[in-house]
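Student: Quick note, the sequence shown lines up with residues -16 to 46 if you use this note's numbering.
Quick reminder that beta carbons are idealized off the backbone N, C-alpha and C, glycines included.
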Amino acid sequence: MRWHPPGYGGSRRDPEQVKRDGWQERGVLVIAEDDQRLTWPERELVRQLGVKLYGKRPEVFHD
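Right, dumping it as structure tokens:
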């Protein structure tokens, strides 16, 4: 018989389930700036809130 302390071993929750549980249990909302389920105005609002609360993100240049 194998025994694992809580948080070790077993199966991992899906990241979307972690986000859902965080919102439902704690009122914490996790949103990716480029989440394609959102419309452009919704993504822009998320970006603006992120900048207001945490400052601008460093710009990444792609060649």
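Please state the DSSP three-state secondary structure of Val43.
Tutor: coil
Student: Tell me which residue opens and which closes the alpha helix (DSSP H) that Pro24 is part of.
Tutor: Trp23 to Tyr37
Student: The alpha helix (DSSP H) that contains Gly5, what's its start and end?
Tutor: Going by DSSP, Gly5 is part of the alpha helix (DSSP H) stretching over Pro(-2) to Arg9.
Student: Please report the distance separating the alpha-carbon of Leu21 from that of Val29.
Tutor: 10 Å
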